[in-house]
Amino acid sequence: MKKALSAVALAAAAVLALAGCTDSAAGPSSAPSDGSGSDDMRTVRVAALPIAETGALWAAIDEGIFEKHGIAVEVVPAQGGAQAIPALLSGDIQFAIGQPFGPFRADLQDLGVAIIGDYASAQPTGRDVNAVVSLPDSGITDPADLAGKRVSVNSLGAAGDVTIMKAVEDAGGDPSTIQFVEVAFPDVQAQLEAGNIDAGWVPDPFMSQIEAGGGNIVVFPYQAAIPGLDLLTTITTQKLIDSDPELVTDFSAAMSEALDWASGDEDAVRAAIVENMGVPEDVAAGITLPVFTADLDVANLKELADLAVGYGVLEKAPDFDRLVQIP
Amino acid sequence: MESALAVTGTAPVRTRRSPRSARKVLLGALGLVGFLVTWQLIPALGVVSPRFLPYATDVLGQILTEVRDLEFWRNVGRTLTAWGLGLLIATLLAVVAGALIGLVPFLRRATHTTVEFLRPIPSVALIPLAILVFGLQLQAALLIIVYATFWQVFVQVLYGVADVDSVARDTAKSFGLSRAERFRYLVLPTALPYIMTGLRLGAAVALILAITAELVIGIPGIGREIVFAQTAGDWTTVYAYVMVAGLLGLAVNLIFRFIERHALSWHQSVRGEEIL
């Protein structure tokens, strides 16, 4: 009897609970249109970090720009180049959006990876997309102050530490005395407050959050080192360029259109950030967006590689004639 | 002592709901409450800023919100699918390989060094290889899960099949039991407690690796939700999913203990006294 009663109670509770259920994945963008629509729709898997910059891609997919070019895009949230490049080589994904140091290193290892265009670039003037920040009472306000300090970057031996070293050198500091520490962007504020690092390199929303708490923006390293540097690039494999050049050309054209559209419709990009990343609307509104463009500035990339060689981050510069292949 | 021949036939039904088990539940609940209170106090006392370690109450509230979202249950399902498949494949491989190698002394000696070399390799180190072979797909996660879980079960099976009592073996021989019968009535009952232990250990390891694979490779599931929340700086959701991972682990452990208790109800480790 008792059992039956509790079963009824449980069922009632379940009904009540289920009545309040939602399905956050039941949005228009959740289901990748798997080849639906026209017959010649090609499905590509694109690896992209789950960061604000990917907002342009998410928004452009919702806008139907890729569909117009006969491509159904599935965004695969790879954590970084270390995951994206093996996945590219395995053929599981066709394209990846990542920082230039991934393809740089891949090229130095002859892995057959190619950059087919820019995706996003840093802001050449004004407020940039990322910054080195410090706590209000740290006394670190100028790039020269970073010499001899512990500074965090999200991954060592990439654009972060290279541009910071350049900015410090230009400000008259000795870049070789900086101790770089690897700290993930979301953890920077906690590590600053715990005193484990003196300054940290962060993008938005963390940059704005730390600044709102009275923190100092020490320097925008990209802007200081190479204004308008390519932040994220679109990459693929030589194998795909050889085996299906049409797909690469079409994807590149679609991407170009998508990025042009995104740079003109910031609201759509911010809405996509809110929807896909689950950040509150007011936070998304405060994010500094990069310049969305497919136009690659090869001179900037070469300068970045030369700096990296100069600081001993890379053994030698990659072969840009082979690495950069704009369809 | 126990004669395996006689024991296997009888499986005494044991239904005991003593005050002792009630006390155990109470103690378990008390431990959980103690944990939550400690957690609540850490940010409250300012040991860690509540911005980075949210209050236990906030996290519990977030869990209650999440469980009403269908996508949450899909993610739990995805994690458990990877876990279940990985555990199943690893167990099958380990039992077959373990029994074969364990029963043949020559194979045992020949593989010993290799096994001890391969076993300590952290399967997380194989993630780049897994992605290179399988891409950002479930198979890549399965490779990681199976590798880690396999050794847990395999080593237990290896010891289990080697643990056959020599008197019992001689007895079985003199009674003229065939090879198959000896395996069924002698080796299997001896190895079963070991297999069960391996399975319970393996189940926990498989869950850890399933979530790790989602965290690092980005395969859909609870682990990926943790990364998403982390990237967005949403610590309450991060810890909500961390709690969910812990609860899944607890559930997996309880289920496997239950299976172990029933499958081994005849064995002295279960008959004798309380389970660990």
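Protein chains in written order, with numbering that gives the first Met the number 0: chain A, 0 to 326; chain B, 0 to 275. Every residue gets a Cβ at the ideal spot worked out from N, C-alpha and C, and that includes glycine.
Those residues which DSSP pairs with residue i across a bridge
i, result
"A:TRP200", "A:VAL131"
"B:ALA244", "The partner list for B:ALA244 (beta bridge, DSSP) is empty, contrary to what the question assumes."
"A:SER151", "A:VAL180 and A:GLY199"
"A:ASN215", "A:SER133"
"A:ALA46", "A:VAL75 and A:ALA95"
"B:ARG276", "The structure shown does not extend to residue 276 of chain B, since chain B spans only 0 to 275, so no value can be given for it."
"A:ARG41", "A:ILE70"
"A:VAL323", "A:ILE114"
"A:PHE65", "Paired residue(s): none; A:PHE65 is not in a bridge."
"A:VAL297", "Paired residue(s): none; A:VAL297 is not in a bridge."
"A:VAL290", "A:SER120"
"A:ASP109", "A:ASP109 pairs with nothing; no bridge assigned."
"B:ASP68", "A:THR21"
Supposed contact pair residue j and residue i - C-beta distance, whole angstroms, cut 8 Å
i, j, result
"B:VAL145", "B:ILE88", "5 Å"
"B:ALA205", "B:LEU92", "No, B:ALA205 and B:LEU92 are not in contact; Cβ-Cβ is about 13 Å, not under 8 Å."
"B:LEU131", "A:SER89", "5 Å"
"A:ASP22", "B:LEU69", "4 Å"
"A:ILE70", "A:ARG41", "5 Å"
"A:ALA55", "A:ALA252", "With a Cβ gap of about 16 Å, A:ALA55 and A:ALA252 do not count as contacting."
"A:ALA119", "A:LEU322", "Rounded, the Cβ-Cβ distance is 18 Å, inconsistent with contact."
"A:ILE84", "A:VAL72", "The pair is not a contact, with the Cβ atoms about 19 Å apart (cut-off 8 Å)."
"B:ALA81", "B:ALA209", "4 Å"
"A:ALA307", "A:VAL218", "Going by Cβ atoms, the distance from A:ALA307 to A:VAL218 rounds to 18 Å, so no, they are not a contact pair."
"B:THR235", "B:GLN39", "14 Å between Cβ atoms; not a contact."
"A:ASP229", "A:PRO326", "Actually they are not in contact, since the Cβ atoms of A:ASP229 and A:PRO326 sit about 17 Å apart, beyond 8 Å."
Proximity of residue i and residue j at Cβ, strictly below 8 Å
i, j, result
"B:LEU135", "A:ALA86", "yes"
"A:ILE234", "A:GLY79", "no"
"B:VAL243", "B:ILE216", "no"
"A:ASN195", "A:VAL132", "no"
"B:GLY197", "B:VAL237", "no"
"A:GLU52", "A:PRO204", "no"
"A:PRO202", "A:ASN129", "yes"
"B:GLY100", "B:LEU157", "First, the amino acid is wrong: residue 100 of chain B is Ile here, not Gly. Result yes, Cβ atoms of B:ILE100 and B:LEU157 sit closer than 8 Å."
"B:THR148", "B:GLY83", "no"
"A:GLY199", "A:VAL150", "yes"
"A:ASN153", "A:PHE179", "no"
"A:ILE331", "A:ALA46", "Since the first and last residues shown for chain A are 0 and 326, residue 331 of chain A lies out of range."
"A:ILE209", "A:GLN188", "yes"
"B:ALA212", "B:ILE143", "yes"
"A:ILE304", "A:PHE103", "The question names Ile, but residue 304 of chain A in the sequence shown is Ala. Result yes, Cβ atoms of A:ALA304 and A:PHE103 sit closer than 8 Å."
"A:ASP296", "A:ASP117", "yes"
"B:ILE218", "B:LEU117", "no"
Element boundaries [beta strand (DSSP E), containing residue i]
i, result
"A:GLU73", "70-75"
"A:ALA119", "112-120"
"A:ASP229", "229-236"
"A:ILE163", "Not the beta strand (DSSP E): A:ILE163 falls in the alpha helix (DSSP H), residues 158-169."
Limits of the unbroken alpha helix (DSSP H) element including residue i
i, result
"A:ARG269", "265-276"
"B:THR196", "187-216"
"A:GLU314", "Note, A:GLU314: premise wrong, no alpha helix (DSSP H); not H, not E."
"A:ASP281", "280-284"
"A:ASP61", "54-62"
"B:THR56", "55-65"
"B:GLY222", "221-230"
"B:SER173", "165-173"
"B:GLY134", "No alpha helix (DSSP H) contains B:GLY134, which DSSP labels as neither H nor E."
"B:LEU106", "104-117"
"A:ALA51", "Segment: none, A:ALA51 is in no alpha helix (DSSP H) and carries neither H nor E."
"A:ALA224", "220-224"
Under 8 Å, with one C-beta from each stretch per pair, do the stretch 223-242 of chain A and the stretch 132-140 of chain A reach the 3-pair mark?
Here the stretch 223-242 of chain A makes no contact with the stretch 132-140 of chain A; the two share fewer than three CB pairs at distances below 8 Å.
Do three or more CB pairs link the stretch 254-274 of chain A to the stretch 309-322 of chain A at distances below 8 Å?
-> Contact check between the stretch 254-274 of chain A and the stretch 309-322 of chain A: fewer than three CB pairs, one atom from each, fall below 8 Å, which does not count as touching.
For this session: Decide yes or no for the touch test of the stretch 160-173 of chain A against the stretch 142-151 of chain A: beta carbon pairs closer than 8 Å, at least 3 of them.
Result: Segment contact: the stretch 160-173 of chain A against the stretch 142-151 of chain A, three or more CB-CB distances shorter than 8 Å; contact assigned.
### Query
Between the stretch 96-114 of chain B and the stretch 152-171 of chain B, do three or more beta carbon pairs fall short of 8 Å?
These segments touch.
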